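See structure below.
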Amino acid sequence: MTERRTAPAAPQGAPSAAEPPAGTAKGTGPGERGDRGPGNVDTGTERPAPRAQKDRPWLMRTYAGHSTAEASNELYRRNLAKGQTGLSVAFDLPTQTGYDSDHILARGEVGRVGVPVAHLGDMRRLFQDIPLEQMNTSMTINATAMWLLALYQVVAEEQGADISRLQGTTQNDIVKEYLSRGTHVFPPGPSLRLTTDMIAYTVSHMPKWNPINICSYHLQEAGATPVQEIAYAMSTAIAVLDAVRDSGQVPQERMGDVVGRISFFVNAGVRFVEEMCKMRAFGRIWDRVTRERYGIENPKHRRFRYGVQVNSLGLTEAQPENNVQRIVLEMLAVTLSKDARARAVQLPAWNEALGLPRPWDQQWSLRIQQVLAYESDLLEYDDIFEGSKVIEAKVEQLVADSLAEMERIEGMGGAMAAVESGYLKSQLVASHAERRARIESGEEKIVGVNAFEGTEPNPLTADLDTAIQTVDPAVEARVVASLRNWRDTRYQPPFNHPRPCKALEKLKEAAKGTDNLMEATLECARAGVTTGEWAGALREVFGEFRAPTGVSSAPVAVTAEEGSALSGVRRKVERTAGDLGVGKLRFLVGKPGLDGHSNGAEQIAVRARDAGFEVVYQGIRLTPEQIVDAALAEDVHAVGLSILSGSHAQLVPDVLERLRVAGATDIPVIAGGIIPSGDAEQLRAAGVAAVFTPKDFDITGIIGRIVDEIRTANKLDPLEVPA
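Numbering (the working numbering), first residue to last: 114 to 836.
In structure tokens:
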């Protein structure tokens, strides 16, 4: 059940295309040269001379938000004062999935991985004393992106801003939610309509806003190879642009404006050369697709605009100080190459594999960027990789392989069809399984994890309880009380909002027809509607969607040849099933709450399947009650719970108590995820049989341990069969 969390939920943040690309002087972009100054004459030496004028640094952001709107506002203003040049807003999981804070599924999730925003009042408090007309704001929001953009616009209007000058990005990439992050709500068709309507609206009313951020970041977190990351992101962009073009809402002569507002958000892993070449390949393919498929002639519209957060998948809980050099190396992959330089960068903190970073940890990550931008000479030179035969050969290979995969997806009917068929998800699960197998075998080395494991005591984590930030459990009760007070008083002074029922009915009518949904959504925002009410109205019309898990179709990644670790575990599974008088051991893998990061759960499920278990895995977003009901109905022998959002302290004990009430105390419960050591001790004291965290990379060993716990729970003698 172990899995890396993405900083701390899931990041994003490309700037408005109104800003010139970082690493370029005004009026130039990737692939375009500015005027060469006198310092750039050919000196006849091998050392390139710096240009007379340094390039502008990229936008520097920190992905942030937690607890409450008030606390997050204080954090934003503090970060801006430290030199941060843009905002990147993390929303909590109820906000991302369209639930109010008092919904049953929101329990334990409120304010955990981001800020809760349930209505206009929350958005006002979130940006209090921050002039939005002067800000470049990135919002990590997808299924409910239209709703949060509407709230943002209304708050900006209340500040007196000209909305045509608002700059920033809404992530709004639903495809990768189906594949990796799991905050999707509606089926693919309606989701694509929401995205299309937002793009059409912003092109006309908010021309400096990036309405979508095609987000390959989370694909790499889910196991994507560089080719898959490029191909799946580009196929998503094609699906979106086709939908906008075919909707009739944007005339053909304005498609250049649409393409010019599409931004990307990518992942930079530790394989420096490959990652840098990946970004060059991205730019070439985007230029080709926009020119050939959509007829975009203006090279400025065809620029590949991207922001980046470096890889959180590679952050380690073991020897976490090593994460600092990983972060630096990954940042260099997207900044050293001028022609493929990121326009916005946000870095995770060294301790994100342990839990939520503190403000000091986030400051450290910001300072890493500032040292590179302001102390080094990076921004004084043109592209230092131009003309490299090695780089060019790698880029050409990535382009060719990515175009071939894009053609395969096109043959299936495009990205949306490939999502619904389960093809994309199964490919990612398989790639991730292969990577995990390489780590377990030692073929892929990770310093401090499966290589060079000896270490001196770490002063940074000597007191682990103070090495990460914790969210006060009482925050949820305060947020829920505030929400209920809003519902009771929104019609009264000083707000005097109209009754929301009429606005919600108009929204549903628009959803049933073909009208652009943005205007009805803005009316809901002004009427004081809540996040749950807005999403609930659309759920009534569109329904909900449960994405394919990819587990059943994933190929075997680790073989069970005689003498292998997996063959030993298979024997333990078969022997234990025989001792219990059953055909197969049954193992339920559950994802309680709203945490949609399912990569770790999927890898556990696949390996358990390959070890001989009958696996019950129903996907994400389940209540403890549903998990226990499934465990009893399927007569399982063990339950594994995977949680990365921090809600384990409430949800895992709930599952234990429900099993106890049902008289099923012989079913061991195993927990995994981002679980601090103090919390792990409390879970074990509450009755959890075992706790696994990201340091436990040996999945086959974990499965063997689960068999041991089944034997212990059923009072069977231990087996001497080695795992």
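For glycine and all other residues, C-beta sits at the position ideal for the given N, C-alpha and C.
These figures come from a predicted structure and were not determined experimentally.
Per-residue burial, residue i [other beta carbons within 10 Å of its own, 16 or more giving buried]
{"i": "Trp473", "result": "exposed"}
{"i": "Pro134", "result": "Note that Pro134 scores 32 on pLDDT, short of 50, meaning its location in the model is unreliable; the coordinates nonetheless yield the value given after this. With 16 or more other Cβ atoms within 10 Å, it is buried."}
{"i": "Pro324", "result": "buried"}
{"i": "Phe204", "result": "buried"}
{"i": "Ser277", "result": "exposed"}
{"i": "Val503", "result": "exposed"}
{"i": "Glu430", "result": "buried"}
{"i": "Leu570", "result": "The question names Leu, but residue 570 in the sequence shown is Pro. The residue is exposed, with fewer than 16 neighbouring Cβ atoms inside 10 Å."}
{"i": "Ile517", "result": "Before going further, note that residue 517 is Ala rather than Ile in the sequence given. With fewer than 16 Cβ atoms within 10 Å of its Cβ, Ala517 is classed as exposed."}
{"i": "Tyr330", "result": "buried"}
{"i": "Arg406", "result": "exposed"}
{"i": "Lys828", "result": "exposed"}
{"i": "Asp767", "result": "buried"}
{"i": "Val642", "result": "buried"}
{"i": "Val593", "result": "buried"}
{"i": "Gly691", "result": "exposed"}
{"i": "Ala564", "result": "exposed"}
{"i": "Gly199", "result": "buried"}
{"i": "Asn326", "result": "buried"}
{"i": "Tyr314", "result": "buried"}
{"i": "Val484", "result": "exposed"}
{"i": "Val423", "result": "buried"}
{"i": "Glu833", "result": "exposed"}
{"i": "Ile819", "result": "buried"}
{"i": "Val695", "result": "exposed"}
{"i": "Pro781", "result": "buried"}
DSSP bridge partner residues for residue i (one or two, in chain order)
{"i": "Tyr860", "result": "A question about residue 860 goes unanswered here, because the residues of the chain that appear run from 114 up to 836."}
{"i": "Cys328", "result": "Phe378"}
{"i": "Asn249", "result": "Gln280"}
{"i": "Ser478", "result": "DSSP output for Ser478 lists no bridge partner at all."}
{"i": "Leu176", "result": "For the record, residue 176 in the displayed sequence is Tyr; it is not Leu. Bridge partners of Tyr176: Ser201."}
{"i": "Leu705", "result": "Per the sequence shown, residue 705 should be read as Pro rather than Leu. Pro705 is bridged to Leu735."}
{"i": "Gly785", "result": "Ser755 and Phe805"}
{"i": "Val592", "result": "Paired residue(s): none; Val592 is not in a bridge."}
{"i": "Val560", "result": "Ala564"}
{"i": "Asn323", "result": "Thr282"}
Whole-angstrom C-beta distance between residue j and residue i, which should lie under 8 Å
{"i": "Leu511", "j": "Lys413", "result": "No, Leu511 and Lys413 are not in contact; Cβ-Cβ is about 24 Å, not under 8 Å."}
{"i": "Ala633", "j": "Thr257", "result": "Their Cβ separation, rounded to whole angstroms, is 15 Å, which puts Ala633 and Thr257 out of contact at 8 Å."}
{"i": "Ala269", "j": "Leu245", "result": "4 Å"}
{"i": "Arg822", "j": "Ala802", "result": "With the sequence shown as reference, residue 822 is identified as Glu, and Arg is not the correct amino acid for it. Sure, about 4 Å apart at Cβ, within 8 Å."}
{"i": "Thr208", "j": "Pro229", "result": "6 Å"}
{"i": "Val458", "j": "Gly420", "result": "7 Å"}
{"i": "Leu698", "j": "Gly221", "result": "The Cβ separation is near 29 Å, so there is no contact."}
{"i": "Ser755", "j": "Ala721", "result": "Not a contact, Cβ separation roughly 12 Å."}
Sub-8 Å separation of residue i and residue j beta-carbons
{"i": "Cys637", "j": "Ala616", "result": "yes"}
{"i": "Gly211", "j": "Trp599", "result": "no"}
{"i": "Asp168", "j": "Thr644", "result": "no"}
{"i": "Ile254", "j": "Gln284", "result": "yes"}
{"i": "Val372", "j": "Gly427", "result": "no"}
{"i": "Phe395", "j": "Phe378", "result": "no"}
{"i": "Pro433", "j": "Leu467", "result": "yes"}
{"i": "Arg549", "j": "Ile343", "result": "no"}
{"i": "Val447", "j": "Ala381", "result": "yes"}
{"i": "Leu292", "j": "Asp708", "result": "no"}
{"i": "Asn435", "j": "Val560", "result": "yes"}
{"i": "Glu183", "j": "Arg238", "result": "yes"}
{"i": "Arg225", "j": "Val584", "result": "yes"}
Proximity winner among the options, relative to residue i (alpha-carbon distances)
{"i": "Cys328", "options": "Val584, Gln341 and Ala718", "result": "Gln341"}
{"i": "Thr574", "options": "Gly791, Glu822 and Phe810", "result": "Gly791"}
{"i": "Gly626", "options": "Asn326, Asn285 and Leu307", "result": "Leu307"}
{"i": "Ala798", "options": "Leu829, Val484, Gly817 and Leu769", "result": "Leu769"}
{"i": "Val654", "options": "Gly681, Arg688, Lys619 and Val642", "result": "Lys619"}
{"i": "Ala356", "options": "Gly382, Ala528 and Ser478", "result": "Ala528"}
{"i": "His545", "options": "Ala718, Ala506, Val447 and Arg393", "result": "Ala718"}
{"i": "Gly336", "options": "Gln582, Pro789 and His710", "result": "His710"}
{"i": "Phe299", "options": "Ile783, Phe658 and Pro807", "result": "Phe658"}
{"i": "Ser554", "options": "Thr448, Ser677, Tyr604 and Arg734", "result": "Ser677"}
{"i": "Asn186", "options": "Pro606, Ser201 and Val508", "result": "Ser201"}
{"i": "Leu537", "options": "Val664, Met631 and His610", "result": "Val664"}
{"i": "Met444", "options": "Gln482, Thr689, Asn609 and Ala580", "result": "Gln482"}
{"i": "Glu410", "options": "Gly369, Ser376, Glu499 and Trp399", "result": "Gly369"}
{"i": "Ala231", "options": "Gln272, Thr181, Ile581 and Asp275", "result": "Thr181"}
{"i": "His216", "options": "Arg734, Phe608 and Pro807", "result": "Arg734"}
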